[in-house]
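Inspection log for the structure reproduced underneath, given as structure tokens.
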Amino acid sequence: DAGVIQSPRHEVTEMGQEVTLRCKPISGHDYLFWYRQTMMRGLELLIYFNNNVPIDDSGMPEDRFSAKMPNASFSTLKIQPSEPRDSAVYFCASSLMGPNNEKLFFGSGTQLSVL
Amino acid sequence: KNQVEQSPQSLIILEGKNCTLQCNYTVSPFSNLRWYKQDTGRGPVSLTIMTFSENTKSNGRYTATLDADTKQSSLHITASQLSDSASYICVVSSPPKLIWGLGTSLAVNP
């Protein structure tokens, strides 16, 4: 298996633009997670899905952020409009079981820079 | 407040030497504790998972310990290699949440 695949690897955009990050989880994994990582705050859970259904979105910063999982093999995280404070590394992860019972498999991340 | 604190923040050692990284947590309820390794520019990779009843677990040259009474864990790296240079993150499972530490940045120099 190729692991969790994220695209793009790097994204540079201007404030106010829409940004879409993409993720393909490991086949057969029922859980998908979106995390944001910064030096100051470390890894923060934004949202996670179980069987394509959002379970916990309490970490989504504000209405500018939205996430979808239209099928078991694809998810998107969208930021509209983007702001400089959104600059961070965004990780997608997947797991067979729930986050408390199973290790997470992470993608390589998307480095987002909002100018 | 649920917290996971790691020390030191950063560490530099010479290749071949051993080192120990610390993790203290104030988390309730507690389900398990994990250590992840994160190479620069990559996502974290799981090293170990320990439940309440386990006090040590090894993965090659990595050995994690857990003292549930004092709420402390350590990650010991034996005979370090250049490839051990990475960030090591302690994570405590407190259902329904995972509480992440900020990590220890380890540099192994030749």
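In order, the protein sequences belong to chains A and B. For the first sequence, the residue numbers in the working numbering are 1200 to 1314. For the second sequence, the residue numbers in the working numbering are -10 to 99. The C-beta atom is built at its ideal place from N, Cα and C for all residues, glycine as well.
Anyone know if the C-beta pair for residue 1289 of chain A and residue 1308 of chain A falls short of 8 angstroms?
Against a cut-off of 8 angstroms, the Cβ pair of residue 1308 of chain A and residue 1289 of chain A comes out as a contact.
Residue -2 of chain B: buried (16+ other C-beta within 10 angstroms of its C-beta) or exposed?
So residue -2 of chain B counts as exposed.
Quick one: list the residues of chain A neighbouring residue 91 of chain B, beta-carbon separation under 7 angstroms, in chain order.
Under the 7 angstroms cutoff, chain A gives 1241.
Whole angstroms is fine: what's the gap from residue 1220 of chain A's alpha carbon to residue 1231 of chain A's?
Their Cα atoms are separated by approximately 14 angstroms.
Over what stretch of residues does the beta strand (DSSP E) that includes residue 1232 of chain A continue unbroken?
Per DSSP, residue 1232 of chain A belongs to the beta strand (DSSP E) from 1230 to 1237.
Under three-state DSSP, which class holds residue 0 of chain B?
In the structure shown, residue 0 of chain B sits in a strand (DSSP, three-state: E or B).
Could you list which residues in chain B have their beta carbon closer than 9 angstroms to that of residue 1223 of chain A, in chain order?
Correct list: empty, because the minimum Cβ distance to chain B is about 14 angstroms.
I'd like to know whether the C-beta of residue 1215 of chain A is nearer than 8 angstroms to at least one C-beta of chain B.
With 8 angstroms as the cut-off, residue 1215 of chain A does not count as an interface residue toward chain B.
Under the assumption that residue 1293 of chain A contacts residue 1224 of chain A (Cβ atoms under 8 angstroms), give the Cβ distance between them as a whole number of angstroms.
Rounded, the Cβ-Cβ distance is 4 angstroms, consistent with contact.
The beta strand (DSSP E) spanning residue 1303 of chain A covers which residue range?
Taken as a continuous stretch (DSSP letters only), residue 1303 of chain A belongs to no beta strand (DSSP E), as it is neither H nor E.
Hey, how far is the Cα of residue 1279 of chain A from the Cα of residue 86 of chain B?
Answer to the nearest angstrom: the Cα atoms are 27 angstroms apart.
Apart from the five residues just before and just after residue 1276 of chain A, which ones in its own chain have a Cβ nearer than 6 angstroms to its Cβ?
Hits under 6 angstroms: 1220, 1233 and 1266.
Between residue 1211 of chain A and residue 1312 of chain A, what straight-line distance do the alpha-carbon atoms span, to the nearest angstrom?
Approximately 5 angstroms, taken between the alpha carbons.
Among the residues of its own chain, which have a CB less than 6 angstroms from the CB of residue 1264 of chain A, if the five just before and after it don't count?
The residues are 1278.
By Cβ distance, which residues of its chain are closer than 8 angstroms to residue 1218 of chain A, with the 5 residues on each side in sequence left out?
Answer for residue 1218 of chain A: 1210, 1212, 1277, 1278, 1279, 1281, 1285, 1311 and 1313, listed in chain order.
For residue 51 of chain B and residue 1236 of chain A, what's the separation of their Cα atoms in angstroms?
Going by the C-alpha atoms only, they are around 24 angstroms apart.
What are the boundary residues of the beta strand (DSSP E) that residue 96 of chain B is part of?
First-last of the beta strand (DSSP E) with residue 96 of chain B: 93 to 98.
Which residues bound the beta strand (DSSP E) around residue 1241 of chain A?
It spans 1241 to 1249 - the beta strand (DSSP E) in which residue 1241 of chain A sits, taken as one unbroken run.
Look at residue 1305 of chain A and residue 18 of chain B and say whether their C-beta atoms are less than 8 angstroms apart.
Contact flag unset, no.
If you drop the 5 nearest sequence neighbours on each side, which residues of the same chain put their C-beta closer than 6 angstroms to that of residue 67 of chain B?
Around residue 67 of chain B: 7 and 50.
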